[in-house]
Structures are given as structure tokens and as C-alpha cells.
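In numbering that gives the first Met the number 0, the protein residues as written are 0 to 495. From the three backbone atoms N, C-alpha and C, an ideal C-beta is built for every residue, glycine too.
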Amino acid sequence: MMTTKGDVDSEGRTGSLFWVLVVTGLAGFMAMLDNLVVITALPSISRDLGGGIEELEWTVSAYTLTFAVLLMLGASLGDRYGRRRMFIVGLSLFTVASAAAALAPGIHELIAVRAVQGVGAAIVMPLTLTLLITAVPARSRGVVLGVWGGVNGLAIAAGPLIGGSIVQHISWNWIFWLNVPIGVLLIPLAVWKLTESRGPNARLDGPGTILASLALFGVAYGIIRGNADGWTNPLILTALGGGGLLLVAFVAWEMHAREPMLPMRLFRNRTFSGVNAASLLMALGNFGAIFLLTQFLQSVQGYSPLEAGLRMLPWTGAPIVVAPLAGMLSDRIGGRSIVAVGLVLQGVGLGWWASVATTDVSYGAQLLPMILNGVGMAMFYAPVANMLMGSVHPEEQGVASGANNALREIGGALGVAVLGAVFSAHGATIPADRFVDGLVPALWVGAGATLIGAVAMLFAQGGKPRDIDQTPMETSADVEFDPAARDMVATGAVVS
Numbered sequence: 000m001m002t003t004k005g006d007v008d009s010e011g012r013t014g015s016l017f018w019v020l021v022v023t024g025l026a027g028f029m030a031m032l033d034n035l036v037v038i039t040a041l042p043s044i045s046r047d048l049g050g051g052i053e054e055l056e057w058t059v060s061a062y063t064l065t066f067a068v069l070l071m072l073g074a075s076l077g078d079r080y081g082r083r084r085m086f087i088v089g090l091s092l093f094t095v096a097s098a099a100a101a102l103a104p105g106i107h108e109l110i111a112v113r114a115v116q117g118v119g120a121a122i123v124m125p126l127t128l129t130l131l132i133t134a135v136p137a138r139s140r141g142v143v144l145g146v147w148g149g150v151n152g153l154a155i156a157a158g159p160l161i162g163g164s165i166v167q168h169i170s171w172n173w174i175f176w177l178n179v180p181i182g183v184l185l186i187p188l189a190v191w192k193l194t195e196s197r198g199p200n201a202r203l204d205g206p207g208t209i210l211a212s213l214a215l216f217g218v219a220y221g222i223i224r225g226n227a228d229g230w231t232n233p234l235i236l237t238a239l240g241g242g243g244l245l246l247v248a249f250v251a252w253e254m255h256a257r258e259p260m261l262p263m264r265l266f267r268n269r270t271f272s273g274v275n276a277a278s279l280l281m282a283l284g285n286f287g288a289i290f291l292l293t294q295f296l297q298s299v300q301g302y303s304p305l306e307a308g309l310r311m312l313p314w315t316g317a318p319i320v321v322a323p324l325a326g327m328l329s330d331r332i333g334g335r336s337i338v339a340v341g342l343v344l345q346g347v348g349l350g351w352w353a354s355v356a357t358t359d360v361s362y363g364a365q366l367l368p369m370i371l372n373g374v375g376m377a378m379f380y381a382p383v384a385n386m387l388m389g390s391v392h393p394e395e396q397g398v399a400s401g402a403n404n405a406l407r408e409i410g411g412a413l414g415v416a417v418l419g420a421v422f423s424a425h426g427a428t429i430p431a432d433r434f435v436d437g438l439v440p441a442l443w444v445g446a447g448a449t450l451i452g453a454v455a456m457l458f459a460q461g462g463k464p465r466d467i468d469q470t471p472m473e474t475s476a477d478v479e480f481d482p483a484a485r486d487m488v489a490t491g492a493v494v495s
């Protein structure tokens with residue numbers, strides 16, 4: 000049988016895209032997984048390394064804080080110095096920090112290297128999306144982003160399952176050792192399979208970067224520490240107030256900067272604004288709910304960490320199956336209605352769970368709410384990414400990805416803090432009935448957040464994805480493209 004040039008090109012593009020998806024998907028999975036993977040290991044870490052409740056909270060917060068604060072900087076560094084190059088730098092830093100965390104001799108050393116892990120993740124995460132978009136024609140973007148979204152959604156929800164399995168069968172150190180061989184494998188694959196690209200700006204927005212980082216640090220620190228230190232604590236009030244003022248200063252600077260890190264005109268785009276509002280509210284509802292429900296299954300229902308994780312598989316496994324289908328459908332009809340329905344399903348699922356929660360509720364009664372949450376989460380990630388990338392020009396996609404990830408991380412930190420505060424106001428960790436007293440109103444708050452997110456999506460434009468610009472991306476002069484990539488650029492098929 001004769002093989003045509005078109006067949007060869009098609010096979011080359013498919014093979015190249017497969018490897019790009021593997022590299023970016025696994026890197027993003029590791030970065031998102033480390034948000035919650037440590038939660039089930041905290042008792043074991045305390046026994047081995049010491050430390051009270053405050054130090055244990057910081058083993059989680061140190062990562063979340065640096066991750067959220069530096070995401071915008073990570074995207075800017077990729078635009079300035081090369082996305083593939085900075086992806087490799089961030090992945091290397093994350094891998095080395097993971098090994099250091101596994102070897103940490105004390106709790107304070109663990110907190111320090113967890114912060115470094117967050118820096119590496121902040122560089123890697125926004126670049127996974129822009130590097131993947133570089134390799135995908137706009138007409139096929141939804142399907143590929145569906146896989147990417149499913150992997151990221153699974154990482155968020157499966158953190159407690161993976162962490163519980165490792166702690167129960169090996170030791171907490173292997174939560175971090177697990178990242179090392181994956182990172183070592185992905186680094187040469189990134190050198191080999193990823194194509195270099197840059198954003199159009201010749202220099203970093205120094206003042207904007209500093210203002211954004213300090214503003215997000217203040218807000219995130221206040222949110223994370225508010226429950227533990229008290230919302231009226233002078234330090235918490237200073238952090239939140241100072242962060243808010245710096246955020247205003249950041250907006251003012253970006254409106255007049257010649258080369259802004261985050262052009263404020265993007266928020267005049269209804270789709271960009273709606274997607275980011277929905278992302279923050281979705282993370283708020285789901286991160287807080289997962290944090291509490293994982294503990295409910297263990298503390299109240301008596302399951303081991305592994306058993307609790309397995310029983311959440313209807314929630315955590317749904318994105319792998321449903322997200323690619325949602326992404327494919329968003330290519331055909333647009334993402335707004337799919338995302339809105341997904342958020343409604345999440346709100347209904349959390350509300351349903353709140354209505355049946357008791358100390359002795361059966362697993363069967365919890366199953367349908369889990370399924371609704373899982374399907375709703377799967378319907379969110381891929382279409383939202385598709386809408387986000389289609390709402391901005393190619394040279395702004397790195398910035399858009401960084402902003403969206405930063406807002407989602409802030410939403411996650413806010414969710415744990417807000418739902419935790421509601422829980423503390425109405426209940427306590429012991430006895431079991433007091434846990435349920437706090438869990439129920441917290442879940443209703445999470446449900447409300449996701450439903451408000453669905454309303455925010457109504458303000459977004461809902462048309463089919465468009466090829467916003469077929470201009471070939473700017474590439475590094477010292478990088479030689481493989482034939483498939485060169486052909487894609489020459490034909491204008493690449494959206495950078």
C-alpha cells in the first residue's frame with residue numbers, strides 16, 4: 000500500500016502531539032497533585048519530624064502560597080526567556096525540591112523545601128497549557144484540552160487517595176520520592192519533544208511583577224492563616240488589607256504600563272472575565288469540600304486513608320472519562336453552556352451531599368452526589384481552557400494561563416479557609432456528630448459558590464471556538480523544528 004505525504008505528515012503531527020501531551024500532562028499532574036497529596040500524611044509526618052498543628056498546616060500552606068503567588072511570574076518568564084526553557088528549569092527545580100522534601104530531617108526543613116516546590120510548580124503549571132496549545136490546531140483544541148483538563152481534575156481530587164495509599168503501604172517520604180523518577184524522565188523528553196516559543200514582549204514588567212507577587216502573598220497569607228490566627232488578628236488584617244491595596248496599585252500600574260504583565264483590557268472581554276470568575280468560584284467550592292469530606296470519611300465513618308480514597312473514585316475518576324468528551328463537544332457548540340451545566344451539577348452534588356450527611360450515612364446514599372460532582376468537574380476543565388485560550392490573542396495566551404491558574408489557586412486557598420471557618424463556627428472535629436454539624440453548612444457554602452460560578456458563565460460569550468490568529472508563533476532562532484512542527488507553522492496551523 001502506497002503511503003502519501005499527507006499520511007506521513009498526519010502521523011508525524013499525531014506522534015508529536017502525543018508526546019507533548021504526555022510531557023505537559025504529567026508535569027501538570029505532579030504540580031496539581033502536590034496541593035492536597037500531603038493531607039493524609041500529616042499525622043505520620045508529625046510522628047517522624049515533630050511539630051504542632053501550626054507547623055503541619057505550613058507543610059500544606061508553604062506550597063500553596065508560593066504556587067499561587069508566583070504563577071503570573073512563571074508565565075512571564077516563559078514569554079521572556081522561552082517557554083520550553085523555563086518549563087525545563089521549573090521542572091528541574093520541582094524535582095530537586097521533591098527529593099529534598101523526602102530527605103528533610105525536620106519539620107522546618109520540610110516547610111522550606113515545600114516552598115521551593117511551589118516555586119517550581121508556579122513556573123511549570125502555566126507553561127503546560129501554552130506549550131500544549133502551541134502543538135494543537137485550533138479546530139482540534141477541545142479534544143486535547145479535554146485530556147489535559149481530565150488529568151488536572153484527577154490530580155486535584157486524587158491527592159488524598161494517592162497520599163493515603165502511599166502512607167498506608169510505604170511511608171510519607173514516598174509521597175515526594177514519587178515525583179523524582181517522573182521528573183527525571185520528563186526533562187529529557189521536554190528537550191527532545193517540545194518546541195521553543197516566546198511571547199512578544201522584550202522585557203519583564205518588573206514593577207507589575209513585584210506588585211502582583213506582594214499583593215497575592217498578602218491576600219493568600221491572610222486567607223490561609225485566618226482560621227488559625229483569627230480573622231481579627233492584627234497581622235491577618237494587615238496582610239489582607241495590605242494585599243488589597245497592593246492589588247489596586249497593581250491594576251493602576253498595569254493600566255498605564257507600556258508592556259504590562261497582565262493587560263487590564265483583557266478583562267473587558269466578557270469571556271475572559273467570566274471564565275476567571277467561574278474558575279475562582281469552582282476552586283473555592285471544590286477544594287474546601289474535598290478537604291473536609293476526606294476527613295469525614297476517615298474521622299467519622301472510620302475508613303482508612305486508602306479506603307476513603309477508593310470510595311471517592313466516582314468523583315475522582317469521572318474527569319478521565321468525561322473530560323475528553325466535554326472538550327470535543329466544546330469544539331462543536333462552544334463551552335459556555337457545558338461549563339455552566341458542569342458548575343450546576345457540582346452545586347447540586349454538594350448540596351445533595353449536605354442534605355444526606357449524618358454520622359452513619361450509607362455509602363450508597365453518598366454515591367450519586369459523588370458522581371454528580373465528578374461529572375460536573377469533568378465538564379468544567381476542558382471547555383474552560385478552550386474558552387480561555389480562544390478569548391485572547393496568541394501572544395497573550397501565556398499571560399492568560401498564568402492569571403487563570405493564579406486565580407484558581409487563590410480560590411482553592413480561599414475555599415479551604417472559608418469552608419473551614421464555617422465548619423469551625425458550627426462544629427468540631429470530635430465527636431462525630433459535631434463534625435457533621437460543621438460539615439453540613441460548609442458544604443452548602445461550597446454548593447453556593449459553584450452555583451454563583453454558573454451565573455458568572457452566563458456573562459461569557461458562547462460561540463464556537465475560533466482561530467483567533469493564524470500568524471505563526473515567534474520561535475527561538477537557535478531551535479531546529481522537527482518536520483511535523485515546521486509544517487504546522489508554515490501552514491499557519493499552530494496557535495501559540
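With a CB to CB cut of under 6 angstroms and the five nearest residues on each side skipped, what residues in its chain are close to residue i?
i      : result
SER278 : ASN403, LEU406 and ARG407
VAL115 : ALA96
PHE216 : VAL68
ALA211 : MET71 and PHE249
SER75  : LEU203 and MET260
GLN297 : ALA307
ALA453 : ALA339, LEU342 and VAL343
ARG79  : LEU203
Considering residue i, what are the terminal residues of the alpha helix (DSSP H) in which it resides?
i      : result
TRP252 : 233 to 255
VAL37  : Element bounds for VAL37: n/a, residue is neither H nor E.
SER272 : 269 to 294
HIS518 : Because the chain spans 0 through 495 in this model, residue 518 falls outside it and cannot be assessed.
ARG224 : 205 to 228
GLN345 : 335 to 355
By Cβ distance, which residues of its chain are closer than 7 angstroms to residue i, with the 5 residues on each side in sequence left out?
i      : result
LEU457 : ALA339
GLY334 : PRO382, VAL383, ASN385 and MET386
LEU292 : none
ALA101 : ASN172, PHE175 and TRP176
VAL19  : LEU130, LEU131, ALA134, LYS192 and LEU193
ALA282 : ARG407, GLY410, GLY411 and GLY414
ARG310 : LEU296, TYR302 and TYR362
Suppose contacts are defined by Cβ-Cβ distances below 8 angstroms. Is residue i in contact with residue j by that definition?
i      : j      : result
MET386 : ALA448 : no
GLY162 : ALA288 : no
VAL374 : ALA455 : no
ASN226 : SER423 : yes
LEU442 : ALA353 : yes
LEU280 : ALA356 : no
PHE86  : LEU128 : no
VAL415 : PHE290 : yes
GLY158 : ASN34  : yes
Please classify residue i: does DSSP put it in a helix, a strand, or coil?
i      : result
ALA26  : helix
SER361 : coil
MET311 : coil
TYR302 : coil
TRP171 : coil
ASN407 : Rather than Asn, the amino acid found at residue 407 in this sequence is Arg. Helix at ARG407.
ASP432 : helix
GLY50  : coil
LEU261 : coil
ALA427 : coil
GLN469 : Note that GLN469 scores a pLDDT of 37, beneath 50, so its modelled location is shaky; the value from the coordinates is reported in the next line. In the structure shown, GLN469 sits in coil (DSSP, three-state: anything other than H, G, I, E or B).
TRP191 : helix
ARG82  : helix
ALA459 : coil
ALA416 : helix
ALA67  : helix
SER97  : helix
VAL391 : coil
ALA103 : coil
SER164 : helix
SER15  : helix
SER75  : helix
Any heavy atom of the ligand ADP closer than 7 angstroms to the CB of residue i?
i      : result
ALA307 : The model depicted lacks the ligand ADP and carries no ligand whatsoever.
Here's a check: name, in chain order, each residue in its chain whose Cβ is nearer than 8 angstroms to the Cβ of residue i, leaving out the five neighbours to either side.
i     : result
GLY81 : GLU195, SER196, ARG197 and SER475
GLY49 : GLY105 and ILE106
Check whether the segment 420 to 432 touches the segment 100 to 109, counting contact only when three or more Cβ pairs, one atom from each stretch, lie closer than 8 angstroms. The segment 420 to 432 and the segment 100 to 109 do not touch, with fewer than 3 CB-CB distances between them shorter than 8 angstroms.
Is the segment 61 to 70 close to the segment 179 to 192, with three or more CB pairs under 8 angstroms? Judged by Cβ distances under 8 angstroms, the segment 61 to 70 makes no contact with the segment 179 to 192, as fewer than three pairs qualify.
Indicate whether the contact test is met: 3 or more Cβ pairs, each with one atom in the segment 260 to 267 and one in the segment 348 to 362, closer than 8 angstroms. no
Does the segment 79 to 94 come close enough to the segment 121 to 133 to have 3 or more Cβ pairs within less than 8 angstroms? yes
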